[in-house]
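Peer 1: Here it is, the structure, as structure tokens.
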Amino acid sequence: MFIFIKIFKKLSDSVYDIRHPLSKRDEIILEHSLKNMGIKKVYQLNNVMIQSSQKRMDFYYENDISVDIKDGYIIRDYELKPCPPFNFYRTDNEEVYELYSGSKDDIDIQLKSYNDFFTIEYITDKVSNILPY
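Residue numbers (the working numbering): 167 to 299.
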């Protein structure tokens, strides 16, 4: 699986800012016909990602295969595998955002809106699916 994370600006040779200004959010939502999916919470604990919504919690093992930078995107090739649920108290990272989602041409588009910025991600099984963008 591939995720293309749109870069807002390059800060240095190896540091990239993926935080886009909220002033552009509505334009992107309209451009891609994204629908509001509600508030999401994501926890990271080592290589386990826990996605929480108001209805359920999903547990996945994440395995990065490669990460590249190309044409204004961070391109992450990774695997997700189901993980048995478990109780947890501490996490390595925790994010809360409002998710806007849609799909086009076998590409899932996710806009994650935080308090002061948003990120935009394109998720697909094949790199060739993203080339028209």
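Backbone N, C-alpha and C fix where the C-beta goes; we use that ideal spot for every residue, glycine too.
Which same chain residues end up closer than 7 Å to Asp-234 when comparing Cβ atoms and leaving out the 5 residues on each side of it in sequence?
Peer 2: By one-based count along the sequence shown, residue 234 stands at place 68. Only Ile-241 meet the Cβ criterion.
Peer 1: How about Asn-229 and Glu-245: do their beta carbons lie closer than 7 Å?
Peer 2: The residue you call residue 229 lines up with position 63 of the sequence shown. The residue you call residue 245 lines up with position 79 of the sequence shown. Yes, these two residues count as a Cβ contact at 7 Å.
Peer 1: Determine which residues share a DSSP beta bridge with Phe-284 and list them.
Peer 2: Residue numbering aside, residue 284 sits at position 118 when the sequence shown is read from its first letter. DSSP, once it has assigned bridges, lists His-186 and Ser-279 as partnering Phe-284.
Peer 1: Over what stretch of residues does the alpha helix (DSSP H) that includes Ile-194 continue unbroken?
Peer 2: The residue you call residue 194 lines up with position 28 of the sequence shown. Ile-194 -> alpha helix (DSSP H) spans 191-197.
Peer 1: Quick check: the Cα distance between Pro-298 and Asp-272, rounded to an integer number of angstroms?
Peer 2: The residue labelled residue 298 in the question sits at position 132 within the sequence shown. The residue labelled residue 272 in the question sits at position 106 within the sequence shown. With a pLDDT of 47 at Pro-298, under the threshold of 50, the modelled position of that residue is not reliable, and the figure given next carries that caveat. Their Cα atoms are separated by approximately 12 Å.
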